[in-house]
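There are 2 protein chains.
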Amino acid sequence: MRPEIVLFGDSITEQSFRSGGWGAALADTYSRKADVKVRGYGGYNTRWALFLMQHLFPLDSKKPPAAATIFFGANDAAILGRTSERQHVPVEEYKENLRKIVLHMKECSPAILIVLITPPPVDEDGRNEYARSLYGEDAREEPERMNEVTGIYAKKCIELAEEMGLRSINLWSKLQETEGWQKKFLSDGLHLTPEGNAVVHQEVVRDFREAWFSAEEMPYDFPHHSNIDEKNPEKAFQQRCA
Amino acid sequence: MRPEIVLFGDSITEQSFRSGGWGAALADTYSRKADVKVRGYGGYNTRWALFLMQHLFPLDSKKPPAAATIFFGANDAAILGRTSERQHVPVEEYKENLRKIVLHMKECSPAILIVLITPPPVDEDGRNEYARSLYGEDAREEPERMNEVTGIYAKKCIELAEEMGLRSINLWSKLQETEGWQKKFLSDGLHLTPEGNAVVHQEVVRDFREAWFSAEEMPYDFPHHSNIDEKNPEKAFQQRCA
């Protein structure tokens with residue numbers, strides 16, 4: 001009955017139902033109007049995400065999603081030769097993988113509304129602090145992700161959105177507009193604080209609204225309690241649920 | 001692929017995806033293992049909830065829910081002759097309505113795990129303060145809900161759970177075990193603070209775990225990223241997704 005919104009991405013999507021998370025906030029915004037389904041896979045890059053497509057978005061689905069966010073790149077942009085190099089995907093392949101994800105989703109659900117989200121910026125000091133908290137003196141001195149490199153991935157993501165006529169959120173740029181973004185928006189140099197989550201929530205809601213997938217304009221699935229006549233409750237349900 | 005947990009109830013369920021909410025926390029606990037679907041209807045009592053059953057839980061569903069919480073009573077217990085009397089349902093009817101909800105769910109999904117949750121206690125001073133914040137001097141002096149009366153509904157809910165062999169959470173009693181529960185757990189004398197939400201989350205997780213619907217023991221839907229061989233990623237997906 002309700003349309004479905006799928007959040008597809010890496011750990012930043014997987015963790016989006018923690019307290020203050022953007023996924024939970026989105027579920028609350030679309031309360032009684034749309035269902036939010038989380039498909040976040042911590043540590044995944046776009047190369048590994050491709051293996052999930054036919055399982056998560058089967059082409060014979062009777063009720064494909066109405067809207068989706070695609071939010072990868074933080075892992076693809078891991079630096080070769082450093083701690084997280086196994087997650088690295090070359091930037092051109094990242095872009096082509098994103099394209100394959102979009103094309104598959106559109107094949108599964110031709111009218112789907114897709115919003116591409118770039119990876120957030122990287123606070124390299126924050127990453128180093130985090131590594132030291134894990135490995136102490138054994139931590140490498142060089143961060144495994146670099147802000148400038150992630151920026152190249154973010155640019156490719158926006159480029160693809162423009163080529164394919166999709167909405168997009170340049171989170172990499174957006175967060176850096178605010179002074180002190182490093183600690184204000186990021187908890188460990190990479191994942192989002194509640195304030196960072198609030199920005200993602202606000203941007204996704206804006207994009208959905210501008211695409212006319214607006215929570216305010218969508219009907220409730222069942223009557224508001226104030227519209228139920230307590231003497232004849234069945235009336236309200238006959239009208240809406242026939 | 002993933003089993004589904006449905007949260008069925010009134011506003012306390014509807015609001016469970018706000019920051020610090022028990023629904024969002026449950027979605028996070030079952031991350032990558034089960035989907036949480038919110039079916040919370042603010043202001044609804046069990047009489048009105050019955051009109052939703054065939055729509056929300058169609059008997060011919062191919063993928064009925066694996067587990068559910070049923071969390072009503074806060075509105076049923078509204079006092080006759082006071083502000084919210086239109087929501088009132090007599091306590092015996094409340095119990096029978098709950099029974100009908102359970103029986104329908106079991107018909108839809110014979111193996112379903114059901115946890116009944118009683119309404120939380122009522123802080124009458126908190127309700128009066130809330131009424132004054134809405135209506136100023138026009139607010140009635142008598143609270144529209146009374147803790148003692150809600151306690152009778154809670155007792156009926158537990159009674160039904162025992163009769164039907166269901167798990168239950170006596171939230172009405174549980175919250176009152178803590179000194180200062182009125183402000184600690186309730187925001188307006190009726191709805192939950194983040195601390196109150198945390199108690200519901202903890203109790204639901206415990207009940208689910210004891211019924212062997214334990215997040216810790218359930219497999220991930222797809223491999224953890226550390227189990228993906230970056231040279232042969234397809235291997236990890238062949239094993240798990242065949």
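Those protein sequences? They're chains A and B, same order as listed. First residue of the first sequence? That's 1 in full-length UniProt numbering, and the numbers climb one at a time after it. First residue of the second sequence? That's 1 in full-length UniProt numbering, and the numbers climb one at a time after it. All residues carry an ideal CB built from backbone N, CA and C; glycine is no exception.
Examine chain B for any beta-carbon lying closer than 9 angstroms to the beta-carbon of residue i, and answer yes or no.
i: residue 96(A); result: no
i: residue 23(A); result: yes
i: residue 55(A); result: yes
i: residue 212(A); result: no
i: residue 185(A); result: no
i: residue 119(A); result: no
Spatial neighbours of residue i within its chain, please: CB distance less than 6 angstroms, with the 5 preceding and 5 following residues excluded, ordered by chain position.
i: residue 103(B); result: none
i: residue 143(A); result: 124, 127, 128
i: residue 15(B); result: none
i: residue 84(A); result: 78, 144
Please confirm whether residue i has its beta-carbon closer than 9 angstroms to some beta-carbon of chain A.
i: residue 226(B); result: yes
i: residue 37(B); result: yes
i: residue 175(B); result: no
i: residue 14(B); result: yes
i: residue 41(B); result: yes
i: residue 82(B); result: no
i: residue 234(B); result: yes
i: residue 71(B); result: no
i: residue 153(B); result: no
i: residue 123(B); result: no
Starting from residue i and walking both ways along the alpha helix (DSSP H), at which residues does that stretch end?
i: residue 133(B); result: 124-135
i: residue 248(A); result: Missing from the structure shown is residue 248(A); chain A here goes from 1 to 242 and no further.
i: residue 28(B); result: 22-29
i: residue 244(B); result: This structure does not reach residue 244(B), given that chain B is present from 1 up to 242, and the question cannot be answered.
i: residue 99(A); result: 91-108
i: residue 169(A); result: Segment 167-169 is the beta strand (DSSP E) holding residue 169(A); no alpha helix (DSSP H) there.
i: residue 47(B); result: 46-49
i: residue 79(B); result: Taken as a continuous stretch (DSSP letters only), residue 79(B) belongs to no alpha helix (DSSP H), as it is neither H nor E.
i: residue 227(A); result: It is not in any alpha helix (DSSP H) - residue 227(A) carries neither H nor E in the DSSP assignment.
Around the C-beta of residue i, are 16 or more other C-beta atoms found within 10 angstroms, so that it is buried, or is it exposed?
i: residue 55(A); result: exposed
i: residue 234(A); result: exposed
i: residue 61(B); result: exposed
i: residue 18(B); result: buried
i: residue 125(A); result: exposed
i: residue 220(B); result: exposed
i: residue 50(A); result: buried
i: residue 231(B); result: exposed
i: residue 242(A); result: With a pLDDT of only 45 at residue 242(A), under 50, the local geometry of the prediction cannot be trusted, and the value read off the model is given with reservation. Exposed, because fewer than 16 other Cβ atoms sit within 10 Å of the Cβ of residue 242(A).
i: residue 192(A); result: buried
i: residue 140(A); result: exposed
i: residue 238(A); result: exposed
i: residue 217(B); result: exposed
i: residue 203(A); result: buried
i: residue 227(A); result: exposed
i: residue 160(A); result: buried
Going by beta carbon distance, what residues of the same chain come within less than 7 angstroms of residue i, once the five residues before and after it are set aside?
i: residue 229(A); result: 235, 236
i: residue 77(A); result: 119, 145, 149, 150, 153
i: residue 53(A); result: 101, 104
i: residue 264(B); result: As displayed, chain B neither begins before 1 nor continues past 242, which places residue 264(B) out of reach and without an answer.
i: residue 65(B); result: 4, 5, 6, 109, 112
i: residue 21(A); result: 15, 197
i: residue 147(A); result: 121, 122, 124
i: residue 82(A); result: 140, 142, 144
Enumerate in chain order the residues of its own chain whose CB-to-CB distance from residue i is below 8 angstroms, with the five nearest sequence positions on each side excluded.
i: residue 63(B); result: 4
i: residue 46(B); result: 72, 73, 76, 89, 93, 94, 97, 98, 101
By the DSSP assignment, the beta strand (DSSP E) with residue i in it spans what residues?
i: residue 114(A); result: 113-117
i: residue 39(B); result: 35-40
i: residue 9(A); result: 4-9
i: residue 67(A); result: 67-71
Do the region 163-178 of chain A and the region 131-142 of chain A touch if we need at least three Cβ pairs shorter than 8 angstroms?
-> no
Any chance the region 180-194 of chain A sits against the region 155-165 of chain A, with 3 or more Cβ pairs inside 8 angstroms?
-> no
If you pair each beta-carbon of the region 26-33 of chain A with each one of the region 204-211 of chain B, do three or more pairs fall below 8 angstroms?
-> no
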